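Novice:
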Amino acid sequence: MRIDKERGGKGRGADSLWSVTLAVELDGLGEIHIRVTLSGGVISATFWAENDHTTELFARHLGELQQRLQAAGLHIGSLNARSGSPQTADEKPSLPYVLLDEEA
Numbered sequence: 001m002r003i004d005k006e007r008g009g010k011g012r013g014a015d016s017l018w019s020v021t022l023a024v025e026l027d028g029l030g031e032i033h034i035r036v037t038l039s040g041g042v043i044s045a046t047f048w049a050e051n052d053h054t055t056e057l058f059a060r061h062l063g064e065l066q067q068r069l070q071a072a073g074l075h076i077g078s079l080n081a082r083s084g085s086p087q088t089a090d091e092k093p094s095l096p097y098v099l100l101d102e103e104a
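For the sequence shown, counting from 1, position 89 maps to 89 in UniProt numbering; every step adds exactly one.
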């Protein structure tokens, strides 16, 4: 997991861009990368999956996710599901240690 804060826009009082990037591997779904960003009160998320079936599952449920987030009072920018993995070092989280032990 990686959390980043970047100053957005120019000038004083410009909104910051916050992003949280996660990488997990789940039985039956494979490797998944998720990036959630918040800027100016607007949330966006991108889901990457190595397994095409998992990408299809995400894509099929993006509408429901959007409805639930809006019902919670959040403003949605974009929600995307992509095959593969993030291509740049900035997009792909580095995990120097195990954040969650599913055996515990």
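Yeah, the Cβ is synthetic: ideal placement off N, Cα and C, and Gly gets one too.
Since the structure is predicted, the reported quantities are computational estimates derived from the model, not experimental observations.
Under a Cβ-count criterion, where at least 16 other Cβ atoms within 10 Å of its own Cβ denotes burial, should L79 be classed as buried or exposed?
Specialist: buried
Novice: Hey, is L74 close to the ligand NAP, as in C-beta under 6 Å from one of its heavy atoms?
Specialist: Ligands displayed in this structure: none; no statement on the ligand NAP is therefore possible.
Novice: For E56 and S16, what's the separation of their Cα atoms in angstroms?
Specialist: 32 Å
Novice: Specify the secondary structure class of A71 as computed by DSSP and reduced to three states.
Specialist: Under the three-state reduction of DSSP, A71 is assigned to helix.
Novice: Starting from G40 and walking both ways along the beta strand (DSSP E), at which residues does that stretch end?
Specialist: That residue, G40, is in no beta strand (DSSP E); it is neither H nor E in DSSP.
Novice: Along the chain, where does the beta strand (DSSP E) that runs through L22 open and close?
Specialist: 16–26
Novice: Measuring straight from C-alpha to C-alpha, what distance separates I43 and L65?
Specialist: 12 Å
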